[in-house]
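2 protein chains.
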Amino acid sequence: MRFPTHLKQSEPNTAYSLAQERKKANFPGSEMDVFINGDSYSRMREKALQVIRAEPEIFDLRDFYNLSRVEKFDHAYKIELRLVQLFREKKITKDEFSAITQILGIPLPYSLSRSMFTTTLENQCNAEQKKAFLEPTLDYRIIGCYAQTEMGHGSNVRGIETTATFIEETDEFELNMPTLTATKWWIGTLGVGATHAIVMAQLYVKGKHIGVFPLIVPIRSMEDHKPFPGVHVGDIGPKFGFNTMDNGFLSLDKVRVPRFNLLQRYIQVSRDGKVTRPKGIDPRITYSTMVQVRTSIAAGMGHVLAKAVTVAVRYASVRRQFGEAGKPESPVLDYGIVQYRVIPLVAKTYALLGMAHEFREQYERCMSAIEEGDFSLLKEMHASSCGLKRWSSETAIYGVDTCRHLCGGHGFSQFSGLNEYFADNYPNIIWEGDNYMLAQQTVRYLIKTANSIACGESVGVNDTSNALTRYYNKGNRLSAAQLYTWANRSPSEIVKSKQLLLDILAYRFAVMVQQLATKVYVEKRPFEDFLVTAQTVCTAHAEFIVCLYFGKHIEKLPANSPLRPALDAMYCISALSFLTRNTGELYALPKEASVTRELIEALNTEYLNSIKAARTIAVPLVDALKVPDETLNSSLGREDGKVYEDYMARALEEPLNRDGTGDAIRKSFFDKYIGPTLKGPSGSSKL
Amino acid sequence: MRFPTHLKQSEPNTAYSLAQERKKANFPGSEMDVFINGDSYSRMREKALQVIRAEPEIFDLRDFYNLSRVEKFDHAYKIELRLVQLFREKKITKDEFSAITQILGIPLPYSLSRSMFTTTLENQCNAEQKKAFLEPTLDYRIIGCYAQTEMGHGSNVRGIETTATFIEETDEFELNMPTLTATKWWIGTLGVGATHAIVMAQLYVKGKHIGVFPLIVPIRSMEDHKPFPGVHVGDIGPKFGFNTMDNGFLSLDKVRVPRFNLLQRYIQVSRDGKVTRPKGIDPRITYSTMVQVRTSIAAGMGHVLAKAVTVAVRYASVRRQFGEAGKPESPVLDYGIVQYRVIPLVAKTYALLGMAHEFREQYERCMSAIEEGDFSLLKEMHASSCGLKRWSSETAIYGVDTCRHLCGGHGFSQFSGLNEYFADNYPNIIWEGDNYMLAQQTVRYLIKTANSIACGESVGVNDTSNALTRYYNKGNRLSAAQLYTWANRSPSEIVKSKQLLLDILAYRFAVMVQQLATKVYVEKRPFEDFLVTAQTVCTAHAEFIVCLYFGKHIEKLPANSPLRPALDAMYCISALSFLTRNTGELYALPKEASVTRELIEALNTEYLNSIKAARTIAVPLVDALKVPDETLNSSLGREDGKVYEDYMARALEEPLNRDGTGDAIRKSFFDKYIGPTLKGPSGSSKL
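Those protein sequence lines, which keep their order, are chains A and B.
In short: position in the first sequence from 1, add 3, done, that's my numbering.
In short: position in the second sequence from 1, add 3, done, that's my numbering.
Okay, here's the thing in C-alpha cells:
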C-alpha cells in the first residue's frame, strides 16, 4: 500500500518540538543516568545494545505487533537460540544475556529455566544433583520449569493435590495428579519448551505424609521432544499479555522417577524409606527465596514505569491541541491537568529506581547476616519486601495505564508500546504473592512489632521499628516539638524539606499501625476483621520506606551535585503525592500532631505548585532514564520525535495493508462478504 | 492433544458450589431482570439468543480467543453478512440486529455505518440527500464511516487541517489533506469496509473560510472495492482491543465531489457560491447529537460491568482457598477483602443499570421539549451527560479491571473473558470527549449555575440547580435542621436511609461547587488553575445524580415489592462507597453541617457491614442480570459452574496444542530452535 511521501507534518513538527524541550535541561543527563539507574546497569545496557544492534535480522522487534501468537513464538525462540549461541561462544556473559532480554522487553520462552528452575536447583540440590541437573541447565542442555501452582491452588501451596509416593520396591517416587484440579497450571516455559520440571508435590513415605517438596521430573524426550508416557503437557492458551511465554499445564499419571530426583537439601529419604531433615538448616531460610524474588520484582518496577513515562512525557510535549489564537497550538504538557497526571509518575519512577539501590543493599546486608547465622534482619526484610513488591507493582502497572490514557486515542494503538508494557507486566500484581495477600503479611509484622514496643519488649533495630518506637514515645522521652517537627513550620518550608515530609509520612504510618495494633492486641478483635484496613496501613508503610530509601540514595551525592535540585523535586513530589492521596488519613490524625486543616490544604496547593515547577525539565528527566528505542518499540515515544512518520510507516506494514498479502486478504473479504452485502437484496442468499 | 477424561475436579466441585449459592436467593430473579434491565431489553435479549443459537456455525465465538487479527475479521464479516441477510429477509428487525450485536459482545466491522454515519445522514441531509445516501445505507448497499479525527487533531475539532474548497467552474468541492497530520485516523469501518466517508473539513467558498462541515465522499468502487484515484486509505493497525473494527486512515489528494455532497441541513452553498445558513435552526441543536452519544455510552456501561461482576462473583463463589482445618476450603467470596472489592461493584452495576432508565427518560423529555422549541433543559442535560459518560465509563472499565484481579491468575487468561471486556471497552474513557476534558465542561456549567444562584439570577429548574439552590439557602430560608437532615441521627439510621445518604451526597457536591464558584467568580481566578479540582467536583456531582436517578427508578416499584430489600442494599452500598471514597472530602465540609469525625468513622464501619451482609445474595444478584454465556464467553463465569472442565477444553484447542496443526508447529520449533539448543556446544553454529 502506498502513501504520498511528499506529505509533511504541520508545523511546528514533533521532532522540532522535542528538540526545543531538550534545551531546558538544567542537569547533566548522563550523570543522572549513572546515578539513578546505577553504574553497572547503564554499562550493561550499552553492551547489550551493541549486541542487538549488530544483528537486526535476529533482534529487531519492530514487526512484533503484527504477528500472531505462533509467529511471535517463532521469533522468540529464534532469539533464544541466538543468545544461547553467543553465550556458548563466550561473546556474552550470563549477566549480559539477562541485560539483553531486558532491553528486548518481551518475555522470552526459556526464562523460567534461567530463573526459578535454576535458583531452585542452586538452593536445594546436593553436590551430585547439581552435577546432574544444574550444570546442563546453565548451559541450556536442559530446559526446565518450576511446577508449583495448580489449576485449583495458587496462593494456598499447602492445599496442592499432586502426590509423590515413595515406592520402596523399585527405589522410586511415583508422581500422580489424581484430579483435574491437580493439573499444574500457569507454569512458565512448560507449555512447549521444557524437558524437565521441578514438581512440587505432597510427599508420602511409607504411608506417612511428609509435606510439600520438589522433585525433578523429566517430561519430554531429549531426542524428539515427545512427552514421556503418562505425561500430559501443553500450553494453557492465550493470555492478556506475556504471550511469548509458553505457560503450560502438566498432568502426571503415575509417573516414576528415581529416588535421586527428590531435591535433597531440606529433606532426605533413604533407600529403606527413612526420612531425615539435615541438621544445621534453619527453616527460616526458605523465606529468603521469596524475599529475593519479591525484592527483585520491586527493584524492577522502576524500569517498567520508566518506559511508560518516557513515551507519555515525550508525546505530551510534542502533541499540540488548543491554545492562544494566532499562535501555534500548545503542547498538551502545558495543561495543568496533564502535568498533574504525568509529572508525579516521573517522580515515582525516580523514587522507584532510587529506592531500589538502597533496598538491594538492605537485602544483601540481611543475606550476609544470615550466612553468619544471624536471622535478626529477616523478619523486617520479609515484611518490607512484601510491602514494596505490592506497592511497586501497583504503582508501576497503574502508572503505565495512566500514561496510556494520557496519550489519548493514540495510546490505544499497539504502536504506542504502552499496551504491551501494561499487559506483559500486569501479572506482577498477582504472582509471587497476590498484592492483597501480601498486605496482610506485612501488616501482621507491623502490628506485632508495635505491640512488642507497647509491651516494653525488645524489637529488632531497623527502619520500621525505629519509626514505631519514636512515635510510641514510651515514657514521653520526646517532647511534642521533637515529635511533631512540622508543627510551627510554614507549609512552604515543609513542602521543600525532605526530612519534614518524611517525618509526616513516618508519623502517619506509625499512628495507623498503632491504632490497628490496639484493636487486635488490646481489644482482642480478630485480625481477619481488618483486612481492608491492612491494605491502607501497608500502603502508608511502603510510602514511608520508599521515601526513606530514595532519600538515602540521594544523600550519596555530594551536597553541591548538579543533580540534586531535580532529585529533590522528584522526592518532594513523590512525598506530597503520598500525603495527599487520601487526605482523610491526615484529617484523622490525633489533634496534638498539628496536622491542621490549613496544613492539609496547603499541602494540596503546594503539591500542584511543585508539579507545575517540574514541567520545564520533564523531557530532560525522562531522557536521562535512557530507555532505548529498542525497548520502547513505540511511535509516540521515539527519541528523535518523528512520531507521525513512524506511526504511518508501521500502519502500512499491518497485514491488512501490506503489499501482496494485504491485497489478497482484502479481496477475499470483498468476494466473500462485502461484495454480497453491497449487492443488495437481489444478491442475498443463505450462505 | 489428549487429556485424561477420567479426571474429575476435587470436591466440593465448582458446579455444586454454585448451585448451593443459588439457594440463597431471597428475591425472584426473573422479576429483577425485567426491573433492572428493563422489559424491552430482556425481551430483545431472548429474541436475539434464539437467532444466534439457531446458527452456531455462524455465531459461535468460542474459538475467537485463538484467532489472528485477520481470522477474527473473517469471522466478523461473515456474521455481518448473515445478519444483513436476515434483516433483508425480515427475519430480524433493526433493533434485533443491534441486540444481536450486543449479545455477541464483539465490535462488528460495519457498526460505524449503522451508528455515526447513519445518525449524521439522518440529522444533516435534506430530503434529496436522504434518498441518495441514507436509504441505501439503511439497507447496507452503502457502507459508510464518519471521518472527523485526524492524526494530529482529536479533541480540538476546530483545528483540523482537511480542507474542502468550492470550485465554481465545475460546481464541485475539492477535498484535500495537505499534510501528514491531516490524515484522517481512527475512523471506524474505514480501514477495509467503507464505500463512503462523511469527511469533516474546513469549508472554503470564494476564498472565505466558512467553518467545519461534513461532506459525503465516495472512497471505494462499488464494483471492485478499489480506492478511487487520489484516495489513500487503509487500516491503522493493531490496537489494545477492538480489533474486529477496521479503524482506518484516509488521505485525500485533491479529490472532487459534486456540490450536492455537502450535507445541507445546517449550511447551503448555491451554484454561484452563495453561502446560506437555513433559518429556524437553533445552533444549540448541534449539542443534542453529542448529548445523545454520551447518554448512550453512559447507559451502556452497566451492561459492560454486568459481564465482569457475573464472572467475578460466580468464580469467587466456587474457587476455594484456605479455610478451617478438617473442612473443605472456603470459597474466596467468604473473605472480607474479596467482598470489599467485588460487592460494591455489583452494587454499582445495579446503580448504573437502574439510573440509566431515569437518565434516558430525562433525555427524552429534553429532546421533546427541544422539538417544541424549548431549549431550557439542554444545558443541564449536556452537563449531566458529560459527567455521567465520564463517571460511568471510569466506573465500568476499572470495575472490570478489579474483577480481573479478583480472579487471581486465571483472570489473566483470555478464557476468563475479562481481558476482552476491558480492552474492547477501554476506548469509552477516551472517545466522545476524553473523560478529563468532559469534567471541565460539566463543572463550568455547575459553577456558572452556582454563581447565578449566588447573584440572585434565575436558573433553570432541574435536579442539579435544585440541590445547589437548597444548600445556598439564600436568606436562610431553611433551618439547620432542614438543611442537615442527618445531624442528630444515628449512623445506623443514616446508612439505611436512601434519603439521608442522598442528602449528604447533595450537600457534599453543593459545597464543592460553591467553593470553586467563589474562587472563579468572586476571587476572579482563572478556571484553568482549577482543572484538577474540577475532576473531583465532577465526580461528586455524578455520584449524587447516579444515586438520585437510581433511587427514582427504585421508587417505581410497589412499596411491598420483594425486590426492594436487595435494591435498597445496592443503593446504600453504592452511596456509602461514594462517601467513603476519599473521606478527606467529608472532613473538609463546613463544621455546621455536623459531618463529624465520629460520623465519618461510622460510615466506614457501616459500609463494611453492609458489604458483608450482601455477600449471601451475591450470586443471585449477578444471576438476575441474566448475562448469557454467549456474551460472557468465559470459563470462569459459566452459568453451569463447570469452570475447570471448560478451561481445560479451551486450552486443548490452543493452536500450539491442537491435533495436527499443533504437532507441526511444535515440531518446527524443535527442529529449528529447541533441538539445536539442547544439543549443546557441539551443535552450536551461527544461524
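Idealized CB from N, CA, C, for every residue including glycine.
{"query": "CA-to-CA distance, glycine 244 (chain B) to phenylalanine 418 (chain B), given in whole angstroms", "result": "15 Å"}
{"query": "Residues bridged to proline 230 (chain A) (per DSSP)", "result": "A:Arg223"}
{"query": "Limits of the beta strand (DSSP E) - the one that threonine 166 (chain B) falls within", "result": "166 to 170"}
{"query": "Span separating the alpha-carbon of histidine 156 (chain B) from that of proline 684 (chain A)", "result": "39 Å"}
{"query": "For proline 623 (chain B), the first and last residue of its enclosing alpha helix (DSSP H)", "result": "621 to 626"}
{"query": "Chain E contacts from the stretch 651 to 663 of chain A (Cβ-Cβ distance under 9 Å)", "result": "The displayed structure is made up of protein chains A and B, and chain E is not among them."}
{"query": "Interfacial residues, the stretch 154 to 168 of chain B to chain A, with Cβ spacing under 8 Å", "result": "Met154, Gly155, His156, Gly157, Ser158, Asn159, Gly162, Glu164"}
{"query": "Where methionine 203 (chain B) sits in the DSSP three-state scheme", "result": "strand"}
{"query": "Span of the alpha helix (DSSP H) around lysine 451 (chain A)", "result": "438 to 457"}
{"query": "Within 8 Å, strictly: CB atoms of aspartate 238 (chain B) and valine 208 (chain B)", "result": "no"}
{"query": "Cβ shell of phenylalanine 90 (chain A) (< 6 Å), same chain only, five flanking positions each side left out", "result": "Phe100"}
{"query": "Methionine 515 (chain B) at chain A interface by Cβ criterion, 8 Å", "result": "no"}
{"query": "Complete runs of the alpha helix (DSSP H) confined to the stretch 387 to 446 of chain A [at least 4 residues]", "result": "421 to 428"}
{"query": "C-beta contact flag for threonine 182 (chain A) and serine 416 (chain B) at 8 Å", "result": "no"}
{"query": "Spatial neighbours of alanine 354 (chain A) in its chain, beta-carbon cut-off 6 Å, leaving aside the 5 residues before and after", "result": "Val549, Phe553, Ser577"}
{"query": "Host alpha helix (DSSP H) of asparagine 469 (chain B) (start-end)", "result": "466 to 475"}
{"query": "Nearest-angstrom beta carbon gap, serine 580 (chain B) and proline 347 (chain B) [assumed within contact, 8 Å]", "result": "5 Å"}
{"query": "Cβ-Cβ distance between valine 341 (chain B) and alanine 319 (chain B) below 8 Å", "result": "yes"}
{"query": "Assumed close pair tryptophan 434 (chain B), threonine 542 (chain B) - CB separation to whole angstroms, cut-off 8 Å", "result": "Actually they are not in contact, since the Cβ atoms of tryptophan 434 (chain B) and threonine 542 (chain B) sit about 20 Å apart, beyond 8 Å."}
{"query": "Chain B contact for glycine 644 (chain A) (CB, 8 Å cutoff)", "result": "no"}
{"query": "Integer-rounded CB distance, given that histidine 556 (chain A) should sit under 8 Å from methionine 358 (chain A)", "result": "7 Å"}
{"query": "Phenylalanine 512 (chain B), enclosing alpha helix (DSSP H) - first and last residue", "result": "501 to 520"}
{"query": "For arginine 318 (chain A), three-class secondary structure by DSSP", "result": "In the sequence on display, residue 318 (chain A) carries tyrosine and not arginine. The answer is helix: DSSP assigns tyrosine 318 (chain A) an H, G or I state."}
{"query": "Whole-angstrom C-beta distance between glycine 339 (chain A) and lysine 615 (chain A), which should lie under 8 Å", "result": "7 Å"}
{"query": "Contacts around proline 112 (chain B), its chain only, beta-carbon distance under 8 Å, and the 5 residues preceding and following it disregarded", "result": "Phe76, Ala79, Tyr80, Glu83, Thr192, Val195, Gly196, Thr247, Met248, Asp249"}
{"query": "Helix, strand or coil at isoleucine 190 (chain A) [DSSP, three-state]", "result": "strand"}
{"query": "Cβ-Cβ distance between arginine 317 (chain B) and glycine 640 (chain B) below 8 Å", "result": "yes"}
{"query": "Three-state class that DSSP yields for glutamate 496 (chain A) in the structure shown", "result": "helix"}
{"query": "Interface partners of glutamine 12 (chain A) on chain B, CB under 9 Å", "result": "Met154, Gly155, Thr182, Leu183, Thr184"}
{"query": "Cβ-Cβ separation, arginine 653 (chain A) to serine 638 (chain A) (assumed contact under 8 Å), whole Å", "result": "6 Å"}
{"query": "Start-to-end residues for the beta strand (DSSP E) that takes in glutamate 175 (chain A)", "result": "175 to 179"}
{"query": "Test item: CB-CB of valine 335 (chain A) and arginine 322 (chain A) under 8 Å", "result": "yes"}
{"query": "Backbone CA spacing between serine 461 (chain A) and lysine 134 (chain A) [nearest angstrom]", "result": "45 Å"}
{"query": "Sheet register partners of proline 334 (chain A) (DSSP bridge)", "result": "A:Arg323"}
{"query": "Span of the alpha helix (DSSP H), counted from its first residue to its last, around proline 658 (chain A)", "result": "Taken as a continuous stretch (DSSP letters only), proline 658 (chain A) belongs to no alpha helix (DSSP H), as it is neither H nor E."}
{"query": "Status (buried if at least 16 other CB within 10 Å, exposed otherwise) for histidine 9 (chain B)", "result": "exposed"}
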